[in-house]
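As numbered in this note's numbering, residues 1 to 834 make up the first sequence, in order.
Beta carbons are placed, not taken as given, at the ideal position from N, Cα and C, and that holds for glycine.
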Amino acid sequence: MSANVPEKPSLDGLEERWSARWEEAGTYRFERVGPRSEVFSVDTPPPTVSGSLHVGHVFSYTHTDLVARFQRMRGKQVYYPIGWDDNGLPTERRVQNYYGVRCDPSLHYDPDLVPPGSAAKQQVPVSRPNFVALCHALTAEDEQAFERLFRRLGLSVDWSTTYTTIGADAQRISQLGFLRLLEEGHAYQRVAPTLWDVDFQTAVAQAELEDRETDGAYHRIRFDDIEIETTRPELIPACVALVAHPDDARFRPRFGTTVRTPLFGVEVPVLAHPLAEPDKGSGIAMICTFGDVTDVVWWRELGLPVRSMLGRDGRVLATPPDGVPDGEAWQALAGATAKQARARIVERLREGGEMIGEPRPIRHPVKFFEKGDRPLEIVTSRQWFINVLEHKDDLKAQGQRLRWHPPFMVARYENWVDGLNSDWLVSRQRFFGVPFPLWYQVGDDGEPRFDSPIVPDHDSLPIDPSTDVPPGYTDEQRDRPGGFTADPDVMDTWATSSLTPQIAGRWSLDDELFSMVFPFDVRPQGHDIIRTWLFSTVVRSYHLHRGALPWTDAAISGWILDPDRKKMSKSKGNVVTPIKLLEQYGSDAVRYWAASGRPGTDTAFDENQMRNGRRLAIKVLNASKFVLFLPRTEGDASHPVDLALLAGLARLVDDATAAFDGYDYARPLERTEAFFWSFCDDYLELVKNRAYGGGEGGGSAIATLEAALSTFLRLLAPFLPFVTEEVWSWWQEGSVHRAPWPTAAELAGGGDPAVLEVAGEVLRAVRKAKSEAKLSQRAAVDTVVVHDTPARLAALRAAEADLREAGSVADLRTEEAEAFSVDVTLAPPPVPST
RNA sequence: GGGCGUAUGGCUCAGUUGGUUAGAGCGCAGCCUUCACACGGCUGAGGUCACAGGUUCGAGUCCUGUUACGCCCACCA
1 MSANVPEKPS
11 LDGLEERWSA
21 RWEEAGTYRF
31 ERVGPRSEVF
41 SVDTPPPTVS
51 GSLHVGHVFS
61 YTHTDLVARF
71 QRMRGKQVYY
81 PIGWDDNGLP
91 TERRVQNYYG
101 VRCDPSLHYD
111 PDLVPPGSAA
121 KQQVPVSRPN
131 FVALCHALTA
141 EDEQAFERLF
151 RRLGLSVDWS
161 TTYTTIGADA
171 QRISQLGFLR
181 LLEEGHAYQR
191 VAPTLWDVDF
201 QTAVAQAELE
211 DRETDGAYHR
221 IRFDDIEIET
231 TRPELIPACV
241 ALVAHPDDAR
251 FRPRFGTTVR
261 TPLFGVEVPV
271 LAHPLAEPDK
281 GSGIAMICTF
291 GDVTDVVWWR
301 ELGLPVRSML
311 GRDGRVLATP
321 PDGVPDGEAW
331 QALAGATAKQ
341 ARARIVERLR
351 EGGEMIGEPR
361 PIRHPVKFFE
371 KGDRPLEIVT
381 SRQWFINVLE
391 HKDDLKAQGQ
401 RLRWHPPFMV
411 ARYENWVDGL
421 NSDWLVSRQR
431 FFGVPFPLWY
441 QVGDDGEPRF
451 DSPIVPDHDS
461 LPIDPSTDVP
471 PGYTDEQRDR
481 PGGFTADPDV
491 MDTWATSSLT
501 PQIAGRWSLD
511 DELFSMVFPF
521 DVRPQGHDII
531 RTWLFSTVVR
541 SYHLHRGALP
551 WTDAAISGWI
561 LDPDRKKMSK
571 SKGNVVTPIK
581 LLEQYGSDAV
591 RYWAASGRPG
601 TDTAFDENQM
611 RNGRRLAIKV
621 LNASKFVLFL
631 PRTEGDASHP
641 VDLALLAGLA
651 RLVDDATAAF
661 DGYDYARPLE
671 RTEAFFWSFC
681 DDYLELVKNR
691 AYGGGEGGGS
701 AIATLEAALS
711 TFLRLLAPFL
721 PFVTEEVWSW
731 WQEGSVHRAP
741 WPTAAELAGG
751 GDPAVLEVAG
761 EVLRAVRKAK
771 SEAKLSQRAA
781 VDTVVVHDTP
791 ARLAALRAAE
801 ADLREAGSVA
811 DLRTEEAEAF
821 SVDVTLAPPP
831 VPST
């Protein structure tokens, strides 16, 4: 075997060189050979391209790559595409800031638009087509930067299969998926009170909510003779009833009677409902349409009217709802934000003596849109929903059929499904998203007929109903009586992201491919999006593919934590940019750090681990160089010391393989690294001289060293793809990443690992003696006496010659004993020659 | 309020079905310029395995409870 080893091997430049070669050679290209069972398919998370990648991305995407590389080496055809999630609100927000614009759908397209840029004092209104074009431009730029980083990180993605969630294929699949739901009765629209973000002016779904502890205050307010407590006195005009618990003796006599609201004098009934809690507030609550989700329940179950007072912008409407007098009290509020209205109404309540005492400050959880800044309101609007509530039990069972890594993560899923309280709201009143592929007839009265949507041909998808015209109509009939009108909404970004298995597998576009990769083998993702992405993907496959799971396994990554144990935020993550780390330590080293984080476990950001990784990569270079520089001597592994090493390696291979099969990448790295280090420190030192000596013993050593090097490189290849490929190229054909994963069988030889274990212990004892005597490790040793059990002494004798050479030991003796101990007698220092 | 997870030397973490003196790396101390490696190597010091009970011949490992931290979920007037 001829080797072409550089004199001074180095890590510098490996990333550029090898990522280019891999691309050229199609090393990670998916080939359509073999049945489904020979394919390993990965439903990779499409990262949101709204800003920069942070170290958390590097961390979790590396985990996926480790498994993909392992499976590829085991002989699987790995289908490992990546997508960019570029549709939706994050992109819109970024475009607004980056270009200094905002979308105004009433404007017309301006072909000569020049956006003012981020420095603009005020955002310039632009048409929807202009806005969408800017979204495309910016995301394209971001996507290139992401790809560069991921290539440098060494992700073995097949870059020819990249997709974007706003791309035509994704839109087509997303729209087709929606139409299927519609046909099968799983999607419906309804006018209903929904949670609403007043800044983004869109409905939001249950999965996008988060509670935030917020300062508020209880206001005690008199409704005739009844006192209620509320944190939202501004909603008094929207009050439709008071409610108390049916068993509450204090209010039982009042059930069925009415009271008048303060300031507005509207007559409202006093009602009973078991959800009312006697020990909360004054025990009786005002029901407003709508202050919170409990109001919605009461309103629905008690059959109450609607009195909406806030518009979609979160401000008080110009005219009061039915039943509320349009007097001076109302006009004092009209146009105010909720916060302003509260202040004004409290002032008037005080003046009128209807307010009891001072507001009592509290901190309480309030619902926010996870991306929003102001509390959510509840407004009534027409929205599209996907059925999930009636399938709750089945969906829970789906999650339980999935193999979770780590297993306890299933609890998150079950928790979420158990807590579902509404169907999945998929419509958003936004611009950069996949439009609902629907139009509605417009009656002669000019009103849309929402109950009779016009559906496009499936072949025409994707469509944009705001520019495309339904079959049988002309564009002149748009928004005219007797004509048609487009559904104005776009789909929630999760409505598209939930179809990544279908998009990545090109469902409805390439049946052959889809049947080869679906259901996917694994969905890697973070635990924070189990309730959104994972759940919604399970829902879509359940509806779309007759109860199928989208994948068999879910591999859940942890988070990156700051050194102070807090979740590393994006802003902090950006301080330490991934590219900087890759440049400073090398990609292999950063991957080493990522791989040391246990599956599903939050991991500290730790540059020390990267230093370690770099050290390991350098060690691989140097040890390999040493092995390959040794004089070649033909032979087979036969010496007991060599067979011992191979036996240990075989054990290691079995261990690593089993762990990887269970999606545990951290253990194989840890074990391989430890064994590699002892290989360098002990085995190499022991056999060095024998290998140089040639002959039968030399041939055995060389054969063993080559087998060991080949095995180590392949075991480390998923973790350190660059340095292992570099070394592999010195003496092997092809890519190490296409080489077969090592097996215990190829290392079999019936060796006894104890030979190396005992020899290593003795060697360490000799080193210690020299170290304590403050001598060089080359110092000569007169005698070594090893005390140990007969079995271990027998093992030791097999390594005696190597041991004496490695330790410069003149005489090695053994004595039987209960426990291991070593006496070392150093030779007197040589008399300096005159 | 319900649930999940974590707690091992100064730091970051291993510890596979309970089995003899609890491991690694970093950091620290000392030594060695040894012909693969000074972007080195060797040697060493350092731990009542959060706490309290229990099961067992034997518990870091199993059971019960407590505490701390993190996270998820919940109709939060």
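Asked: G13 versus A397: straight-line alpha-carbon distance, rounded; Found: 50 Å
Asked: Residue closest to F251, alpha-carbon to alpha-carbon, out of W439, F264, V240 and H273; Found: H273
Asked: Nonlocal neighbours in the same chain, by C-beta distance under 6 Å from R232, ignoring five residues either side; Found: G291
Asked: L864 versus L317 - alpha carbon distance; Found: Beyond the ends of the chain as shown, which are 1 and 834, falls residue 864; an answer cannot be given.
Asked: Sub-7 Å separation of P321 and R307 beta-carbons; Found: yes
Asked: Span of the alpha helix (DSSP H), counted from its first residue to its last, around M610; Found: E607 to F629
Asked: Among E733, V426 and K625, the one whose alpha carbon lies nearest that of L181; Found: V426
Asked: Candidates L646, A754 and H737: closest to L709 by CA position; Found: L646
Asked: Euclidean distance between Cα positions of L438 and M491; Found: 12 Å
Asked: Identity of the residues DSSP links to H405 by a beta bridge; Found: A555
Asked: Sheet register partners of T202 (DSSP bridge); Found: D197
Asked: Segments assigned alpha helix (DSSP H), at least 4 residues, entirely inside the region 295-340; Found: 328-331
Asked: Residues near K619 by beta carbon distance below 7 Å, same chain, minus five either side; Found: C680
Asked: Cβ-based burial, L686 [other Cβ within 10 Å; buried from 16]; Found: buried
Asked: DSSP-derived helix/strand/coil call for W439; Found: strand
Asked: Residue range of the alpha helix (DSSP H) that includes T64; Found: V55 to M73
Asked: Segment contact flag, the region 786-806 with the region 622-632, C-beta cutoff 8 Å, min 3 pairs; Found: no
Asked: Minimum C-alpha distance to K580 - residue among I226, W18 and S52; Found: S52
Asked: Three-state secondary structure assigned by DSSP to W84; Found: strand
Asked: DSSP-derived helix/strand/coil call for D823; Found: strand
Asked: Nonlocal neighbours in the same chain, by C-beta distance under 8 Å from R348, ignoring five residues either side; Found: L263, A329 and A332
Asked: Coarse secondary structure for P9, derived from DSSP in three states; Found: coil
Asked: For N689, the nearest candidate out of W18, F150 and R804 (CA to CA); Found: R804
Asked: Continuous beta strand (DSSP E) stretch holding I356: start and end; Found: M355 to F369
Asked: Between the CA atoms of I560 and L763 - distance to the nearest angstrom; Found: 41 Å
Asked: Secondary structure of T231, DSSP reduced to three states; Found: coil
Asked: Reduced DSSP category for Y28 - H, G, I as helix; E, B as strand; rest coil; Found: coil
Asked: Bridge-paired residues (DSSP) for D215; Found: R363
Asked: Under 7 Å between C-beta atoms of A659 and R651; Found: no
Asked: CB of D225 within 7 Å of CB of R260, strictly; Found: no
Asked: Cβ pair I228, M409 closer than 7 Å; Found: no
Asked: Cross-strand partners of F40 (DSSP beta bridge); Found: V78
Asked: Pick from S174, P193, P599 and S60 that is closest to T380, judged by C-alpha positions; Found: P193
Asked: R212, buried or exposed, once every other Cβ within 10 Å from all chains shown has been counted against 16; Found: exposed
Asked: Sequence-distant residues of the same chain with beta carbon closer than 8 Å to A852, five excluded per side; Found: Past the edges of the chain, shown from 1 to 834, lies residue 852, and the structure says nothing about it.
Asked: CB of P858 within 7 Å of CB of F520, strictly; Found: Residue numbering for the chain in the displayed model covers 1 to 834; residue 858 lies beyond these limits and cannot be assessed.
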